[in-house]
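Take the sequence shown: its position 268, counting from 1, is numbered 268 in UniProt numbering, and each next residue is one higher.
Backbone N, C-alpha and C define an ideal beta-carbon position, used for all residues, glycine too.
As structure tokens, the structure follows; a few thoughts come after it.
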Amino acid sequence: MIKLSQTVLMFLFVGILVACQPRERVIDYPAFQAKNSASLEISRIVLNDSATIIYADVEQFPGGWARVDSGIYILANGQKYLALNSEGLKLSEKFEMRDTGLLSFKLFFPPLPRGVNSIDVIESRMNLGGWHIWGLNLNPDVEVAAVAVPSDVSARDWKEATTLPPAELKTGKTRVKVRLCGYRDLMDGRDVELFVSDMFSPGKELSKRIDQDHSCTFEFDQYSTMCVHLSNTLFHTMIVLDPGDDVEVYVDLEEATRRASRYQKDRMKAHRLAYVVGESRFIPLNYALQDEYEDGFSMYSFYEDINGMNADEYIAYVMKLYRTEMDRLANDKALPDGVRKYREIGVKGFVMRLVCSGESNLETAYREANHIGWDQREIDFKAPEFTDKHFAVLKDLDVNRLDMLYARDFPYCFDIVGYRIPSLNRLEKILGSQEGFLIDYFKLQGIYDQLENMKPLTKEQLRNLATIDPYYTKAFEQVKRQIDAKVAESKVKAEKRIREVPSVSDKKLFDAIMARYKGKVVMVDLWATWCGPCRGAIAAFEPRKNKFKDKDVVFVYITNESSPESKWLEMVAGIEGEHYRLNRKQWDYICDYFGVDGIPSYVIVDRDGNARLRNDLRGSGMLEQELSGML
Numbered sequence: 001m002i003k004l005s006q007t008v009l010m011f012l013f014v015g016i017l018v019a020c021q022p023r024e025r026v027i028d029y030p031a032f033q034a035k036n037s038a039s040l041e042i043s044r045i046v047l048n049d050s051a052t053i054i055y056a057d058v059e060q061f062p063g064g065w066a067r068v069d070s071g072i073y074i075l076a077n078g079q080k081y082l083a084l085n086s087e088g089l090k091l092s093e094k095f096e097m098r099d100t101g102l103l104s105f106k107l108f109f110p111p112l113p114r115g116v117n118s119i120d121v122i123e124s125r126m127n128l129g130g131w132h133i134w135g136l137n138l139n140p141d142v143e144v145a146a147v148a149v150p151s152d153v154s155a156r157d158w159k160e161a162t163t164l165p166p167a168e169l170k171t172g173k174t175r176v177k178v179r180l181c182g183y184r185d186l187m188d189g190r191d192v193e194l195f196v197s198d199m200f201s202p203g204k205e206l207s208k209r210i211d212q213d214h215s216c217t218f219e220f221d222q223y224s225t226m227c228v229h230l231s232n233t234l235f236h237t238m239i240v241l242d243p244g245d246d247v248e249v250y251v252d253l254e255e256a257t258r259r260a261s262r263y264q265k266d267r268m269k270a271h272r273l274a275y276v277v278g279e280s281r282f283i284p285l286n287y288a289l290q291d292e293y294e295d296g297f298s299m300y301s302f303y304e305d306i307n308g309m310n311a312d313e314y315i316a317y318v319m320k321l322y323r324t325e326m327d328r329l330a331n332d333k334a335l336p337d338g339v340r341k342y343r344e345i346g347v348k349g350f351v352m353r354l355v356c357s358g359e360s361n362l363e364t365a366y367r368e369a370n371h372i373g374w375d376q377r378e379i380d381f382k383a384p385e386f387t388d389k390h391f392a393v394l395k396d397l398d399v400n401r402l403d404m405l406y407a408r409d410f411p412y413c414f415d416i417v418g419y420r421i422p423s424l425n426r427l428e429k430i431l432g433s434q435e436g437f438l439i440d441y442f443k444l445q446g447i448y449d450q451l452e453n454m455k456p457l458t459k460e461q462l463r464n465l466a467t468i469d470p471y472y473t474k475a476f477e478q479v480k481r482q483i484d485a486k487v488a489e490s491k492v493k494a495e496k497r498i499r500e501v502p503s504v505s506d507k508k509l510f511d512a513i514m515a516r517y518k519g520k521v522v523m524v525d526l527w528a529t530w531c532g533p534c535r536g537a538i539a540a541f542e543p544r545k546n547k548f549k550d551k552d553v554v555f556v557y558i559t560n561e562s563s564p565e566s567k568w569l570e571m572v573a574g575i576e577g578e579h580y581r582l583n584r585k586q587w588d589y590i591c592d593y594f595g596v597d598g599i600p601s602y603v604i605v606d607r608d609g610n611a612r613l614r615n616d617l618r619g620s621g622m623l624e625q626e627l628s629g630m631l
């Protein structure tokens with residue numbers, strides 16, 4: 001009996017000892033509901049009685065920097081747990097990324113109470129662009145990858161895309177409402193971008209900020225069946241629309257951020273990225289296109305494979321890729337016929353670009369193989385010559401058709417053909433036809449540029465319009481009316497900012513412009529309307545100009561005739577400063593004089609008239625600091 005009691009006591013003692021040991025739970029690669037940045041990943045969470053430890057990895061470009069705010073905290077069941085310490089970086093201090101572009105660190109928080117199944121990690125309540133992660137799952141048995149889109153949308157009876165409707169040429173006003181499902185107040189991406197190409201212009205770029213119900217609406221003129229791109233900092237998707245369509249797009253931001261995760265994209269149940277409802281022939285197709293699928297056209301070893309090829313070998317290689325991909329699509333029994341046809345057209349458009357960019361692709365292959373950057377212009381490489389014999393494969397691709405409007409690469413796949421084959425007679429011989437959509441598109445080249453620069457059409461352009469579908473003439477008449485109306489509106493706002501270019505020699509032009517601002521600090525911005533980085537830098541710096549009001553600082557913006565006059569007037573209306581539009585010869589002289597290697601470029605002129613190219617100031621913060629120091 002005594003022996004039995006001793007045994008019981010021993011087991012009780014061991015039980016108490018085990019219970020007193022610190023509990024520890026490890027969750028590797030925890031799933032999450034949504035996050036604000038693709039750069040930050042959580043690789044492990046350790047839970048014990050003394051701390052909650054989060055293992056994090058950041059991937060960014062080498063030379064960049066990372067910073068974690070000291071106010072970062074865990075939110076669990078409504079309770080905040082502020083970070084206690086860190087390892088691998090110091091909180092609130094910038095950390096320069098290593099050559100690998102990878103940084104691993106740990107964050108230490110107070111221990112969490114039992115029963116917590118999920119947590120949010122919030123960098124700071126005031127940090128809209130912070131490294132926030134919502135719904136980190138501490139219970140791997142629980143599915144967190146739910147659909148953020150309302151069930152009455154996601155669970156409806158969606159029809160299969162059994163056919164691909166014929167592409168159409170027509171005009172109409174299209175309406176697209178975008179609803180961001182799963183959006184959180186601290187999420188980035190409040191501004192949604194819409195981009196639509198068309199046959200007549202470089203494309204429309206529209207931007208809208210979401211309202212209180214996390215939605216925004218776009219309305220735009222459309223001239224044919226076309227691919228429409230929607231995006232913000234967290235997602236990108238593409239849908240197909242006809243002119244006059246009226247649709248609503250429900251975007252699943254939770255799914256978007258999971259797809260962008262290096263650690264979770266293959267570990268969590270996948271859903272569709274977006275759901276399109278409304279009045280459109282393409283509801284079934286757009287439903288199918290939002291599913292995850294393998295593109296199949298792998299370019300992983302493309303440059304390695306083509307390095308050292310001649311023109312014949314390159315074209316043969318590209319056409320082999322084409323046939324392989326077309327065979328794969330033909331044999332994929334899971335694909336609805338409409339989706340298969342759509343993807344086949346996409347492959348044709350992509351191959352058109354490869355065929356017509358052989359020289360540049362072979363140079364890229366040579367540079368990659370020999371580790372030569374593009375900053376080194378002179379290299380020991382001469383591209384092989386591509387002739388009409390090589391471009392003859394365009395006929396085999398069967399791309400002289402209206403349904404090429406479905407190509408994701410349209411109109412760029414057509415534009416590059418016009419660039420490489422600038423003669424209509426040559427193109428007709430290569431395609432073996434004097435008719436067809438590609439032939440018509442070739443005849444339209446330059447017309448939109450004339451209209452945008454408010455110049456009359458040339459005799460050749462008028463002849464070309466007379467030989468093709470009358471639809472194009474009507475469409476261009478509508479485009480011209482819209483441009484004229486925009487120009488009239490922009491002129492009223494822009495005229496007070498536009499300055500006449502001095503009538504002096506090219507050599508004296510810059511000094512003549514600067515003479516108007518003698519004794520002042522001048523920032524000269526060399527830019528163009530078509531330059532995305534230029535537009536971004538201007539928009540970022542615009543609010544900072546108030547600091548220099550009444551302080552003898554002048555902002556001068558110089559562009560050239562590559563900026564269409566109507567677009568230039570429209571943009572000048574929103575850019576405070578002095579604006580000049582030079583001809584090509586004047587622009588080239590100034591760029592050569594200062595050694596400008598690209599735009600945007602900045603020339604800073606001090607009070608004594610000394611001018612220096614200062615491209616080290618690219619970035620609104622550095623530019624502001626430099627100007628302040630000169631006052």
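DSSP places E41 in the strand class (E or B) of the three-state scheme. When G88, L112, E93, L289 are compared, the shortest CA-CA separation from S104 is found for G88.
For V176, DSSP records a beta bridge to F218, V247.
In the DSSP assignment, Y406 forms no beta bridge with any residue. Within the segment 289-323, not a single complete beta strand (DSSP E) segment reaches 3 residues in length. The C-beta distance from Y557 to W530 rounds to 15 Å, too long to meet the 8 Å contact threshold. In this structure, the straight-line span from the alpha carbon of G609 to that of Y602 is close to 15 Å. In terms of Cβ geometry, V318 and L354 form a close pair [threshold 7 Å]. With contacts defined as CB atoms closer than 7 Å, L47 and D120 fail to qualify as a contacting pair. Around the beta carbon of T174, 16 or more other beta carbons sit within 10 angstroms, so the residue counts as buried. In the three-state scheme derived from DSSP, where H, G and I count as helix and E and B as strand, Y342 is classed as helix. By the criterion of a C-beta distance shorter than 7 Å, L457 is surrounded in its chain by I447, Q450, once the five residues flanking it on both sides are discounted.
Between F109 and T52, the beta carbon gap of about 4 Å places them in contact (Cβ cut-off 8 Å).
Note on geometry: alpha-carbon atoms of K170 and D403 lie some 14 Å from one another. In the three-state reduction of the DSSP assignment, Y472 falls in the helix class, which pools H, G and I. Distances from the CA of S197 to each of Y183, M187, L230 were compared; the closest alpha carbon is that of L230. By the criterion of at least three beta-carbon pairs nearer than 8 Å, the segment 377-396 is in contact with the segment 407-421. Here the alpha carbons of E93 and Y472 stand approximately 58 Å from one another. Distance from the CA atom of A515 to the CA atom of K585, rounded to whole angstroms, is 21 Å. When C-beta atoms of the segment 429-447 are compared with those of the segment 152-160, fewer than three pairs fall below 8 Å, so the two segments do not count as touching. Burial check for Y300: the Cβ neighbour count within 10 Å stays below 16, so the residue is exposed. For S151, the three-state secondary structure derived from DSSP is helix. One Cα belongs to W134, the other to Q33, and the distance between them is close to 6 Å.
G278 is bridged by DSSP to V247. If you ignore the 5 residues before and after R340, its C-beta comes within less than 6 Å of the C-beta of L329, all in its own chain and listed in chain order.
Per DSSP, G63 lies in no beta strand (DSSP E) and is assigned neither H nor E.
M187 carries a coil assignment under DSSP once its states are collapsed to helix, strand and coil.
Cα atoms of S124 and D69: separation of roughly 7 Å, rounded to the nearest angstrom.
Judged by DSSP in its simplified three-state form, G609 adopts coil rather than helix or strand.
The C-beta distance from L613 to G595 rounds to 6 Å, short enough to fall under 8 Å. Less than 7 Å divides the Cβ of T233 from the Cβ of D188. When the beta-carbon positions are compared, S43 and D57 come within less than 7 Å of each other. 7 Å or more divides the Cβ of V554 from the Cβ of V524. For Q586, the enclosing alpha helix (DSSP H) has its first and last residue at 584-594.
Nearest in C-alpha terms to F437, of all of E452, R463, K459, F410, is F410. Judged by DSSP in its simplified three-state form, K265 adopts coil rather than helix or strand.
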